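Below: the structure, in structure tokens.
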Amino acid sequence: MQVNEYKPLIVAFCCNWCSYAGADLAGNNRLAYPADVKIIRVPCSCRVNPMFILRAFQRGADGVIICGCHPGDCHYTSGNYYTRRRMAALFSMLDFLGIERERTRVEWVSAAEGAKFAATMNDFVEKVTALGENKRLEDLRCKK
Amino acid sequence: MQKITREQLIEKASALLSNSTVSCVLGWGMGEFDYDVTPTTFNSVEELEKGFVFSDFCGANFSKYLVKKAAACEGKILVFLKPCDTYSFNQLLTEHRFDREKVYVVGIPCEGMADINKVKAICGEGILSIGSKGDKMTVTTLYDDEPVSIDAKEVLAERCLNCKSKKHVAFDELLGDEGDVIESNRFDEVARLEAMTPDERFAFWQNELSRCIRCNACRDACPACTCEKCVFDNPNSGVENKSPANSFEEKLFHIIRAYHVAGRCTDCGECSRVCPQNIPLHLLNRKFIKDINEFYGEYQAGAEEGQRAPLVDYTTEDLEPGEVFDRRDSDA
Amino acid sequence: MRKCSLDKLNLIFAEIAKDAALYLPADQTDGSAAYKKWEEGTALSDALNTVRSPKDFFFPQTEDLMKFKTQGKNIDIIDIRTALEDFVIFGVRACDVKSFDILDRVFLTEPVDSFYASRRSHGIIVSMACTRPSETCFCKTFSIDPANPAGDVSAWKSETEIFFEANTQKGEDFLNKISSLTEECDDTLVATQKEAINKIMDKLPLKNLDTSAFGGGKTNELFDSPAWAELSQSCLGCGTCTFVCPTCQCYDIKDFNTGNEVIRFRCWDSCMYSDFTKMAHGNNRLTQKERFRQRFMHKLVYYPENNDGLFSCVGCGRCLAKCPISMNIVKVMKKIGGNKSE
Amino acid sequence: MNNVNDTLIPKVGVITDVRIDTPDIKTFRVVTPDGKKAFDHMPGQCAMLSIPGVGEAMFSITSSPTNEEYMEFSIKKCGCVTDWLHNAEVGQQITIRGPYGKPFPVDDVFAGKDLLFIAGGVGLAPLRSVINYCRHYRDRYGKIDIVYGSRSKDDLLDYQEIINEWSTDSGVNVHLTIDNPQEGWDGHVGFVPTYVKELGFDTNKVAVLCGPPIMIKFTLDGLCEIGFDKTNVYTTLELRMKCGVGKCGRCNVGAKYVCKDGPVFRCDELEELPDEY
Numbered sequence: 000m001q002v003n004e005y006k007p008l009i010v011a012f013c014c015n016w017c018s019y020a021g022a023d024l025a026g027n028n029r030l031a032y033p034a035d036v037k038i039i040r041v042p043c044s045c046r047v048n049p050m051f052i053l054r055a056f057q058r059g060a061d062g063v064i065i066c067g068c069h070p071g072d073c074h075y076t077s078g079n080y081y082t083r084r085r086m087a088a089l090f091s092m093l094d095f096l097g098i099e100r101e102r103t104r105v106e107w108v109s110a111a112e113g114a115k116f117a118a119t120m121n122d123f124v125e126k127v128t129a130l131g132e133n134k135r136l137e138d139l140r141c142k143k
Numbered sequence: 000m001q002k003i004t005r006e007q008l009i010e011k012a013s014a015l016l017s018n019s020t021v022s023c024v025l026g027w028g029m030g031e032f033d034y035d036v037t038p039t040t041f042n043s044v045e046e047l048e049k050g051f052v053f054s055d056f057c058g059a060n061f062s063k064y065l066v067k068k069a070a071a072c073e074g075k076i077l078v079f080l081k082p083c084d085t086y087s088f089n090q091l092l093t094e095h096r097f098d099r100e101k102v103y104v105v106g107i108p109c110e111g112m113a114d115i116n117k118v119k120a121i122c123g124e125g126i127l128s129i130g131s132k133g134d135k136m137t138v139t140t141l142y143d144d145e146p147v148s149i150d151a152k153e154v155l156a157e158r159c160l161n162c163k164s165k166k167h168v169a170f171d172e173l174l175g176d177e178g179d180v181i182e183s184n185r186f187d188e189v190a191r192l193e194a195m196t197p198d199e200r201f202a203f204w205q206n207e208l209s210r211c212i213r214c215n216a217c218r219d220a221c222p223a224c225t226c227e228k229c230v231f232d233n234p235n236s237g238v239e240n241k242s243p244a245n246s247f248e249e250k251l252f253h254i255i256r257a258y259h260v261a262g263r264c265t266d267c268g269e270c271s272r273v274c275p276q277n278i279p280l281h282l283l284n285r286k287f288i289k290d291i292n293e294f295y296g297e298y299q300a301g302a303e304e305g306q307r308a309p310l311v312d313y314t315t316e317d318l319e320p321g322e323v324f325d326r327r328d329s330d331a
Numbered sequence: 000m001r002k003c004s005l006d007k008l009n010l011i012f013a014e015i016a017k018d019a020a021l022y023l024p025a026d027q028t029d030g031s032a033a034y035k036k037w038e039e040g041t042a043l044s045d046a047l048n049t050v051r052s053p054k055d056f057f058f059p060q061t062e063d064l065m066k067f068k069t070q071g072k073n074i075d076i077i078d079i080r081t082a083l084e085d086f087v088i089f090g091v092r093a094c095d096v097k098s099f100d101i102l103d104r105v106f107l108t109e110p111v112d113s114f115y116a117s118r119r120s121h122g123i124i125v126s127m128a129c130t131r132p133s134e135t136c137f138c139k140t141f142s143i144d145p146a147n148p149a150g151d152v153s154a155w156k157s158e159t160e161i162f163f164e165a166n167t168q169k170g171e172d173f174l175n176k177i178s179s180l181t182e183e184c185d186d187t188l189v190a191t192q193k194e195a196i197n198k199i200m201d202k203l204p205l206k207n208l209d210t211s212a213f214g215g216g217k218t219n220e221l222f223d224s225p226a227w228a229e230l231s232q233s234c235l236g237c238g239t240c241t242f243v244c245p246t247c248q249c250y251d252i253k254d255f256n257t258g259n260e261v262i263r264f265r266c267w268d269s270c271m272y273s274d275f276t277k278m279a280h281g282n283n284r285l286t287q288k289e290r291f292r293q294r295f296m297h298k299l300v301y302y303p304e305n306n307d308g309l310f311s312c313v314g315c316g317r318c319l320a321k322c323p324i325s326m327n328i329v330k331v332m333k334k335i336g337g338n339k340s341e
Numbered sequence: 000m001n002n003v004n005d006t007l008i009p010k011v012g013v014i015t016d017v018r019i020d021t022p023d024i025k026t027f028r029v030v031t032p033d034g035k036k037a038f039d040h041m042p043g044q045c046a047m048l049s050i051p052g053v054g055e056a057m058f059s060i061t062s063s064p065t066n067e068e069y070m071e072f073s074i075k076k077c078g079c080v081t082d083w084l085h086n087a088e089v090g091q092q093i094t095i096r097g098p099y100g101k102p103f104p105v106d107d108v109f110a111g112k113d114l115l116f117i118a119g120g121v122g123l124a125p126l127r128s129v130i131n132y133c134r135h136y137r138d139r140y141g142k143i144d145i146v147y148g149s150r151s152k153d154d155l156l157d158y159q160e161i162i163n164e165w166s167t168d169s170g171v172n173v174h175l176t177i178d179n180p181q182e183g184w185d186g187h188v189g190f191v192p193t194y195v196k197e198l199g200f201d202t203n204k205v206a207v208l209c210g211p212p213i214m215i216k217f218t219l220d221g222l223c224e225i226g227f228d229k230t231n232v233y234t235t236l237e238l239r240m241k242c243g244v245g246k247c248g249r250c251n252v253g254a255k256y257v258c259k260d261g262p263v264f265r266c267d268e269l270e271e272l273p274d275e276y
């Protein structure tokens with residue numbers, strides 16, 4: 000077994016009404032996903048502004064994923080539609096600046112989709128692990 | 000190179016001042032040299048005759064000044080707007096940044112403005128005077144015995160080379176034609192960068208943004224940046240930072256700056272014009288414009304007053320963030 | 000005086016770089032010049048000057064001062080100052096050399112700023128005469144001679160050769176290090192160059208800029224001038240002028256929490272910024288007029304009052320070239336000074 | 000390198016006592032971790048207190064230099080740093096550096112003179128240091144009058160000390176006033192500037208003023224009206240400060256730096272400065 004196996008730090012912004020409950024369900028059903036996924040609960044996926052994502056990277060995240068209700072199911076009617084547009088624009092910009100596109104993702108996970116939550120996280124962690132450490136959006140001062 | 004002259008503008012302004020349509024005029028004030036004009040308020044015909052200039056170096060976009068100047072002027076303020084400025088004007092009106100009733104807009108034609116850096120690149124330092132006649136500019140310098148004649152097209156500012164529209168979209172009166180929206184190649188450079196590998200793009204931006212000195216000129220000159228208090232000036236925001244302490248800070252500032260005006264940016268190019276370090280900031284804005292056009296349909300901020308910006312709008316059929324790249328990859 | 004052929008300049012750079020970091024103006028991709036650390040292949044720029052002034056070397060835009068580790072109620076203060084090594088700044092223009100004197104009077108007066116002082120003591124300045132000043136230059140106004148730049152070593156560059164003369168002991172030592180690559184010479188060619196420069200200086204459009212309206216003790220005379228409102232009316236409140244200025248020295252001290260520790264750093268600040276004097280109970284400079292006035296009053300009145308009449312401007316012309324609205328110290332001096340110079 | 004002191008590098012201080020003075024003012028006692036005073040100072044001088052990650056701010060030292068054991072700071076809750084301090088408990092470490100600024104001329108100009116101290120609200124904080132210094136060296140000074148006013152009885156700073164110590168000293172007269180009538184208050188009611196005029200002092204004394212800007216302005220006018228010369232009136236200024244040693248540039252008013260050339264100014268000197276404080 001390797002001693003210094005690289006484990007990415009993932010920040011997952013989860014909407015309170017669907018995805019956070021989905022994460023809960025994943026836990027209750029004992030579905031495994033890596034412990035390095037740090038969940039931050041937000042009232043709605045559209046609460047996540049670009050600054051949150053950039054700051055997560057600054058503070059050492061290797062990947063950031065935003066999970067919200069499925070389009071059409073937003074607790075606030077339309078929040079996730081805005082998320083969809085905003086993140087499309089932001090992710091495209093990050094890509095434009097040469098930041099690896101696999102480090103950011105938006106997924107729709109409902110409260111009933113514990114399995115999807117775990118699978119999504121596993122897949123995301125795997126992709127980010129393959130990329131390695133976040134070097135392009137890092138703040139050296141925040142490295143331990 | 001400009002078709003309209005200083006005299007015509009002064010005549011128009013004097014007439015409007017004299018018949019009390021307006022009580023002050025926002026125009027270009029004479030500088031030390033032939034290229035360093037300053038946006039200035041003129042209150043009388045005498046002041047206009049003494050200090051008003053109009054030349055190929057009158058590039059500043061006056062729209063944003065109206066936020067402060069319209070409120071400060073007692074009566075109406077006369078403002079001369081070039082076609083590209085009128086887009087910013089509409090956008091600011093859409094955002095209720097000033098009172099339309101306080102402003103009298105005279106739309107003026109624009110043949111493209113010159114970039115003094117390009118003039119200096121050709122003629123060198125020590126410019127004593129710059130004259131303009133037809134398509135030629137005559138530059139006298141300290142170091143050339145004879146004046147140097149240059150092609151005005153050669154020194155056009157980047158944003159004018161890629162002019163998107165000669166059409167005035169807001170005015171009370173026009174000097175010259177209303178003009179038309181024109182075809183431009185303004186997205187070519189963005190497309191060129193998109194075609195690079197991520198590593199190349201990263202290297203490109205790392206090089207450009209590393210020059211940033213965080214003077215905030217791009218933000219302060221931007222007609223779309225009109226927040227009363229910017230998040231980067233707010234000590235409680237957690238991101239207030241006066242210096243580009245490292246490459247992350249540089250990126251954070253420029254991503255957020257461009258993002259915050261995404262969908263509202265009219266592509267006037269002021270950000271790149273004012274940047275003391277010549278960072279092509281307009282490319283970030285154009286990237287957003289290009290993406291928005293591609294993802295959600297053609298949209299030109301400021302084309303009409305009262306438009307809803309694409310990022311505060313949605314349809315149920317929008318593409319997923321993940322599809323952004325699938326789409327581009329399949330195009331390639 | 001010593002000289003060497005320009006072909007050998009690269010060898011000189013290599014020699015210097017053996018025991019000291021060497022910085023020189025180099026061309027950037029956007030066409031402007033900036034100080035870069037020399038490495039094999041770096042060429043000395045022909046540009047008149049760099050966009051950023053060399054004040055960065057002694058007073059960097061961002062500088063960590065100390066760190067704190069906190070645990071419960073306890074605080075550990077960690078001094079992070081380290082011993083510096085010598086470095087050489089090559090090709091500094093006369094105006095920028097003078098700016099170091101102006102900064103010295105701020106940072107080296109008691110209590111001495113140890114961060115600045117240690118950088119200053121380790122820096123060796125090789126200045127370079129300006130053969131092609133720009134229309135924006137007005138260093139003569141402040142009695143700076145671009146044909147005779149100060150610094151540890153003065154240099155003059157012709158089409159084919161470069162000449163050196165040491166002005167200080169540090170400079171002597173520096174020239175000794177590169178003595179095998181240079182040869183002794185007389186100053187005939189340099190004298191010719193100086194004469195040519197002086198001729199150009201007499202042709203500069205700003206050569207007659209008058210400072211007589213300014214200086215210590217003029218506060219009450221100038222402070223309430225109505226011209227301040229007019230001059231500042233279009234000021235965007237950005238920090239371009241202050242950040243490209245070689246003599247602007249205001250700074251802010253800020254804390255950055257990295258999650259593991261707190262870094263206290265200082266960074267350039269600008270009196271043009273709206274929050275510069277903002278306090279919990281208000282702001283004593285509420286509008287851009289007051290902030291604008293502060294910048295120029297400081298350079299032209301307050302600083303000379305405290306420093307034997309020395310103005311805090313060196314006439315480098317950076318603000319003339321870079322201000323987004325082309326408002327600058329020359330326009331201020333002409334307007335506030337009552338157009339005496341015209 | 001690390002043996003060179005730099006004024007920007009502070010010392011660690013420990014809060015050893017927190018006294019609640021008024022609803023929004025607390026007085027903090029600060030010593031070094033080994034229980035000593037952080038540094039010596041003179042009345043009127045200031046210190047930079049900071050909490051890493053929160054910020055650094057300048058406060059006047061309210062305890063008298065004659066107190067050899069500790070320093071005290073009376074701090075009103077009004078911003079980031081002060082909010083944080085108000086939530087701090089005994090034992091909390093902070094950082095401290097100083098002393099900064101020019102003190103009151105207690106040993107030359109003040110010597111042998113009658114003194115009049117006028118304070119409003121938290122403006123008593125910087126005066127407390129000089130008042131206690133003069134009380135300590137009682138024989139060096141003439142009669143001492145203290146006029147102190149605040150919004151209400153509850154807003155009077157150091158009330159116990161005023162009642163128990165200052166009022167009982169011989170040759171010290173304390174005149175208290177509050178802005179509006181209040182139950183349980185049988186003293187004077189009214190604003191400080193009017194009260195000063197009502198009391199009508201001899202003009203051959205040195206007056207020291209501190210309080211909100213508006214109070215300083217009207218009291219100074221009042222003092223001039225009753226015949227005081229501005230060369231005998233002192234006050235202290237407060238502006239945004241960062242370095243404390245006249246380098247960072249933000250407390251610059253005219254050719255003066257409040258942190259270095261102030262905070263104590265004689266009122267005639269103040270008049271020479273542009274109106275920007």
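Residue numbers (numbering that gives the first Met the number 0), protein chains in the order written: chain G, 0 to 143; chain W, 0 to 331; chain A, 0 to 341; chain V, 0 to 276. All residues carry an ideal CB built from backbone N, CA and C; glycine is no exception. Just so it is clear, the structure is predicted and the values come from calculations on it, not from any experiment.
Annotated three-state conformation of Lys-143 of chain G is coil, per DSSP. Here Pro-32 of chain V is exposed. Its C-beta has fewer than 16 other C-beta atoms within 10 Å. Within the model, the alpha-carbon separation for Gly-150 of chain A versus Ser-98 of chain A is close to 11 Å. Short of 7 Å from the beta carbon of Asn-42 of chain W, and not among the five residues preceding or following it, lie these beta carbons of its own chain, in chain order: Cys-23. Identification of chain V residues near Val-313 of chain A by a Cβ-Cβ cut-off of 7 Å yields none; the smallest Cβ-Cβ distance measures about 18 Å. Of all residues in the region 201-224 of chain V, none is placed with a Cβ closer than 7 Å to any Cβ belonging to chain A. Of the residues G:Ile-65, G:Ala-25, G:Leu-139 and G:Phe-123, the one whose Cα lies closest to the Cα of Lys-6 of chain G is G:Phe-123. The contact set of Thr-218 of chain A on chain V, defined by CB atoms closer than 9 Å, consists of Gly-253, Ala-254, Glu-271, Leu-272 and Pro-273 in chain order. Exclusion of the five residues before and after Val-10 of chain G leaves Lys-37, Ala-55, Ala-60 and Val-63 as the residues of its chain whose Cβ lies within less than 6 Å of its Cβ. Across the set A:Leu-21, A:Gln-60 and A:Leu-309, the C-alpha of A:Gln-60 shows the shortest separation from the C-alpha of Arg-265 of chain A.
Of all residues in the region 119-137 of chain W, those with a C-beta nearer than 8 Å to a C-beta of chain A are Ala-120, Gly-123, Glu-124, Gly-125, Ile-126 and Leu-127, reading in chain order. As DSSP reads the structure, Glu-183 of chain A sits in a beta bridge with A:Arg-1. In the three-state reduction of the DSSP assignment, Lys-165 of chain W falls in the coil class. Annotated as proximal: Thr-15 of chain V and Val-30 of chain V, with beta-carbon spacing under 7 Å.
Between the alpha carbons of Asn-277 of chain W and Asn-116 of chain W lies a gap of roughly 10 Å. Assignment of Leu-236 of chain V by DSSP, reduced to helix, strand and coil, places it in the coil class. A check of alpha carbon separations from Val-96 of chain A across A:Cys-244, A:Asp-268, A:Asn-305 and A:Gly-336 identifies A:Cys-244 as the nearest. Cβ contact annotation for Gly-97 of chain G (same chain, cutoff 8 Å, sequence separation greater than five): Arg-135, in chain order. For the beta strand (DSSP E) assignment, the uninterrupted runs of no fewer than 3 residues enclosed by the region 218-294 of chain A are, from N- to C-terminal side, 250-256 and 261-267.
At a beta-carbon threshold of 9 Å, none of the residues of chain A lie near Leu-123 of chain V; the nearest stands roughly 17 Å away. Residue state for Gln-192 of chain A is assigned as helix, using DSSP reduced to three classes. Taking the Cα positions, Tyr-81 of chain G is about 15 Å away from Val-323 of chain W.
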